[in-house]
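Comments concern the structure below.
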Amino acid sequence: MMGSHLCLPKSQSEECERRREKTMAGLGTDCFSALPESLVIVEILSRTSPRDVCRFSAISRGFKSVADSDNVWDRFLPSDHRKIISRSVYPVAFSTKKQLYFLLADGFVLLDGGKLSFSLDKASGKKCFMLGARELAIECGRFWEQANLRAAPCFDISGKIEARLLSPKTTYVVYLLFDLGPLKYGYKGLPAKASVRFEGERGDGSGDGDGDEITNIVSLAIRRFSSCSGGQFAQQRMDKWMETELGEFFNGQGNTGEVEIRLMGFEGDYRTYDLFVEGIEIRPKIDS
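Going by the numbering used here, the first residue of the sequence shown is number 116, and it counts up by one from there.
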């Protein structure tokens, strides 16, 4: 009959709704538990992010076994992580690839006799490096484990890293890690000239990258008042160190060559400061 429809009694309708909800709830867990650990699921998870995979692992026990598997977390680790870790000063102990990922994301590994440290950006899994003070060329001061430029009217700090070590198709930001002792604040700051330069061949076919240089004027002092403007001031980190941004660069696919970093102090009496340099850190840019 046109326009007719079946009407169930209220009690039967409520019972049907309860059964539907129960069925849907079952699909949310048992459905995934029944799925095999297949390459299809691994491929889907590996196209998300480490943070997403951690969230997905809470859906069900069956899904967790896939989300926590080495097949998934090996995709988030750099393809050359085994080669990099083989250069570690100390043995790196881990039982799963997920454990290794968070070991590198929450901490770091010292390489090459302690001259270089390696870690991962926790959100993206991209590679981070720090050139230690012993790996830097520092003039106007002597240094041991950390550079102490006390009583130096000026300074010249430089370092370099091979582009192939870094994650491809990634914009990196370069920071100086240092400390000024108790004299950390200043209105004018301690000005310095920073430069980041790529020397070598670009993998995108655009040719020679020699001469691609970015220069900035930065400060080694923390901005004392929020109303102060101009210049790149230093920031206090969660650890005891300070950091100031020196510049950024894009590391293309297949770049060969080196990224050269330099910082030169000028127009300041650095003899009144106790400048300790921990190193130069190179880490992926975080989109704001």
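Even for Gly, the Cβ is constructed at its ideal location relative to N, Cα and C. In this text, all values refer to a predicted model and were calculated from it rather than measured experimentally.
Looking at the structure shown, is Val157 part of a helix, part of a strand, or coil, going by DSSP?
In the structure shown, Val157 sits in a helix (DSSP, three-state: H, G or I).
Nearest to Arg352 (by Cα), restricted to the options Ile332, Ile401, Tyr290 and Lys241:
Residue nearest to Arg352 within the set Ile332, Ile401, Tyr290 and Lys241 is Tyr290 (criterion: CA-CA distance).
Between which two residues does the alpha helix (DSSP H) carrying Pro165 extend?
Bounds of the alpha helix (DSSP H) holding Pro165 are Pro165 to Phe171.
Compare the C-alpha of Lys198 against each of Leu390, Asn366, Glu316 and Arg279 and name the closest.
Per the C-alpha coordinates, the member of Leu390, Asn366, Glu316 and Arg279 positioned closest to Lys198 is Arg279.
Between the region 362-370 and the region 216-225, are three or more C-beta pairs nearer than 8 Å?
no
Buried or exposed: which applies to Leu390, given that a residue is buried once 16 or more other Cβ atoms fall within 10 Å of its Cβ?
buried
Just to confirm before moving on: does the CB-CB distance between Pro306 and Ile332 stay below 8 Å?
yes
At which residues does the beta strand (DSSP E) containing Asn366 begin and terminate?
Start and end: Met357 to Asn366.
Counting Cβ pairs, one atom from each stretch, are 3 or more of them under 8 Å apart for the region 184-199 and the region 155-165?
Enough Cβ pairs lie closer than 8 Å, so yes.
Among Asp195, Asp227, Ala336 and Lys179, which has the Cα closest to the Cα of Trp356?
It is Ala336 whose Cα lies nearest to the Cα of Trp356.
By the three-class DSSP mapping on this structure, what secondary structure does Ser310 have?
The answer is strand: DSSP assigns Ser310 an E or B state.
DSSP state of Leu218, grouped into three classes?
Leu218 falls in the helix class under three-state DSSP.
Rounded C-alpha distance that separates Ile276 from Gly372:
9 Å
Taking the CB atoms as reference points, tell me whether Val288 and Val374 lie closer together than 8 Å.
no
Helix, strand or coil at Asn331 according to DSSP, with G and I counted as helix
strand
Check for me: the alpha helix (DSSP H) holding Val187 runs from which residue to which?
Asp185 to Phe191
Leaving aside the five residues before and after Thr285 along the sequence, list all residues of the same chain whose C-beta is less than 7 Å from its C-beta, in chain order.
So the list reads Lys241, Asn366 and Pro399, once near-sequence residues are dropped.
Does Asp271 come out as helix, strand or coil in the three-state DSSP assignment?
strand
Across the region 201-215 and the region 242-252, are there enough close Cβ pairs to call them in contact, namely three or more that are closer than 8 Å?
no
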